[in-house]
Amino acid sequence: METAYEIMESLEAMFGAPSEKARLDVVRAFMNDKRKKGSSVKAHVLNMIDHLHDAELNGARIDKATQVGIILESLSPDFHEFVNNFVMNKKKSNLNELMNDLQTFESTNKRRGGEANVVVAGGSGKSKRKDRNQGKGEKGKNRKPKKTKGPIQKPKGKCFHCNGEGHWKRNCHKYLEELKKKKEQGKSDLPVLEICLVEGDTSTWIIDSGATNHVCFSLQSLSSYTELADGDYMIKVGNGARVTAKAVGEVRLHFRENKFLVLNNVYFIPDIRRNLISMSKLFEQFFKVYFVNDFVHISRNGLNIYSGRLDDGLYCIKPIPNSLLNTEMFRVAEPKNKKQKISHENNTYLWHLGLGHINLNRIERLVKDGPLRELTVGELLVCRSCLEGKMTKRPFTAKGKIATKPLQPIHLDVCGPLNVQARGGYEYYAPLLTTIRDMVMIT
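Per full-length UniProt numbering, the sequence shown starts with residue 1, numbered consecutively.
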């Protein structure tokens, strides 16, 4: 190797991409990992997901359906009933939903095991009673008094709030006390909360060693998620207040050179104004985080995924947003905001048509509340469609005023978001229909 080009080619061949052996090892580990009977199914699925992340980091590509199939095949025989039901119903779900279903089936199986033991014990008692009654001469010997049958008390179940037995969440004392405290919180707390709130970019994530979970405040950050009921999962923040998570899902952060970071079990909490990455959760996924001067580095298996820097006292990670990825793919300019300003003219009748034939009182309310504050409310003309809709049996002979020139009025509808984005990152389109010439335009 004499030239600089040959040296660069040699270094790229040695260190530029993961080796085939490493890729084969992680795929073999993923295929051969089997769940042992009696072990936690949640730990097994999380271990399989870690294998998948290792495979993706080393260049292996496995589609979602194949991932679910391999995980189902790795289960122990006591999950055959779940697998058969999953296959026969042709159920489609992501890895998070599959893990939740498996945990539910596991808890159901444990309860079934306790009932089976009770049935077996009762059956053995019946067989002994038959043996005692076989001899006619010993008809009255060793006869035990019959127990009076009372109403069978069904177990009340498990509380999903405090994990206690014998009551449900709606009757849980802790849950009711928390609801009572929320109602008693006065307006005096609002200024404190307003001071603590900090606006931030939705695409910026902060490395937090004190966070116990990954948290995001925008639902669009989640690539897949499961909605949570109010009060199912609550997190205590720095001022002692408790906030409720609305959803939990997966976040995929993309970086340069086709590198990405997958965060599992990210909770969507609208009340928090910063995206947080928990260091403890990164360690559970076998990531390494280390700080050097004003930089933070995240790596796994010796491969550096991203290096962030100190910004205003916080170690921030700024991934590539989806719009930039689409821009680089098609090599076009960044999309501009296509939102039009509200017209200053007196177009009360046009707003009546565009907003689904709402009445004049609703339009005045929109002007008062702010969305149409620049509109001067005028007289609402006779709307033929509204009159025909309200007409039942009586004939209607009057006619409303229709359009007299093109583009008056315009019927507008918005369609989206689409699965495949158009050039420039657009996800919505709006068809426009005129009354005069029935001309359709798509913007």
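We put the CB at the ideal spot given by N, CA and C, even for glycine.
Which runs of the beta strand (DSSP E) spanning at least 3 residues fall entirely within the segment 254–289, listed in chain order?
260–268 and 275–278
Which residue wins for smallest C-alpha separation from Phe-30, given the options Asp-54, Leu-355, Glu-12 and Glu-20?
Asp-54
Under the three-state DSSP convention, the category residue 453 falls into
Residue 453 is absent from the model: the chain starts at 1 and stops at 443.
Chain-order list of residues whose beta-carbon lies under 7 Å from that of Val-262 (same chain, five-residue window excluded)
His-53, Glu-250 and Arg-252
Arg-23 vs Ala-60 beta-carbon contact at 8 Å:
yes
Mind checking which residues open and close the alpha helix (DSSP H) that includes Asp-208?
Element bounds for Asp-208: not the alpha helix (DSSP H) but the beta strand (DSSP E), 205–208.
Run through the DSSP bridge pairs and tell me what Glu-250 is partnered with.
Ser-224
Cβ distance (whole Å) where Leu-303 is taken to contact Leu-95 below 8 Å
No, Leu-303 and Leu-95 are not in contact; Cβ-Cβ is about 22 Å, not under 8 Å.
Three-state secondary structure (DSSP) at Arg-61?
coil
Looking at the strands, I want to know which residues DSSP matches up with Ser-307.
His-297
Closest by CA to Gly-231, which one among Gln-220, Ala-241 and Ala-245?
Ala-245
Residues bridged to Leu-412 (per DSSP):
Leu-432
Which listed residue (Gln-67, His-357, Asn-163 and Leu-72) has its alpha carbon closest to that of Cys-383
His-357
Short check: CB of Leu-276 to CB of Asp-208, under 8 Å?
yes
Please return the same chain residues whose Cβ sits closer than 7 Å to the Cβ of Gly-157, not counting the five positions on each side in sequence.
Trp-168
Which whole-angstrom value is the C-beta distance of residue 449 and Leu-372, which I expect to be below 8 Å?
In the structure as shown, the chain starts at 1 and stops at 443, and residue 449 therefore has no counterpart that could be examined.
Please state whether DSSP places Ile-235 in a helix, a strand or coil.
strand
Test item: CB-CB of His-254 and Pro-319 under 8 Å
yes
Could you work out which residue in Leu-72, Ala-430, Ser-39 and Met-88 is closest to residue 463 when comparing CA atoms only?
Only positions 1 to 443 of the chain appear in this structure, which leaves residue 463 out of reach.
Roughly how many angstroms separate the alpha carbons of residue 444 and Thr-348, rounded to a whole number?
Because the chain is modelled from 1 through 443, residue 444 falls outside the range shown and cannot be assessed.
Quick check: Ile-299 and Lys-288, are their CB atoms within less than 8 Å of each other?
Checking the displayed sequence, the identity of residue 299 turns out to be Ser instead of Ile. Yes.
Identity of the residues DSSP links to Cys-316 by a beta bridge:
Ile-206 and Arg-309
Report buried or exposed for Leu-375, applying the criterion of at least 16 other Cβ atoms within 10 angstroms of its Cβ.
buried
Beta strand (DSSP E) segment containing Val-367, residue limits:
Careful: Val-367 lies outside any beta strand (DSSP E), inside the alpha helix (DSSP H) at 360–369.
Where does Thr-376 sit, in a helix, a strand or coil, going by DSSP?
coil
Could you spell out where the beta strand (DSSP E) holding Val-215 opens and where it closes?
214–216
Any heavy atom of the ligand GDP closer than 7 Å to the Cβ of Pro-77?
Here there are no bound small molecules, and the ligand GDP is not part of this structure.
Check this for me: beta carbons of residue 454 and Phe-268, under 8 Å apart or not?
Because the chain in this structure spans residues 1 to 443, residue 454 falls outside the shown range and cannot be described.
Please report how far the alpha carbon of Asn-419 lies from the alpha carbon of Phe-260, in whole angstroms.
21 Å
I believe Leu-228 touches Ala-247 by the beta-carbon criterion, under 8 Å. Please report the beta-carbon distance rounded to the nearest angstrom.
6 Å
Here's a check: name, in chain order, each residue in its chain whose Cβ is nearer than 8 Å to the Cβ of Thr-226, leaving out the five neighbours to either side.
Asn-96, Glu-97, Asn-100, Ala-247, Val-248 and Gly-249
Starting from Leu-27, follow the beta strand (DSSP E) in both directions and report where the run begins and ends.
Correcting the residue identity first, residue 27 is Val in this sequence and not Leu. Careful: Val-27 lies outside any beta strand (DSSP E), inside the alpha helix (DSSP H) at 20–32.
Please classify Leu-222: is it buried, with 16 or more other beta-carbons within 10 angstroms of its beta-carbon, or exposed?
buried
In or out: Met-48 buried (at least 16 other Cβ within 10 Å) or exposed?
buried
Name the DSSP beta bridge partners of Glu-165, please?
Lys-158
Simplified DSSP state of Val-243, which is helix, strand or coil
strand
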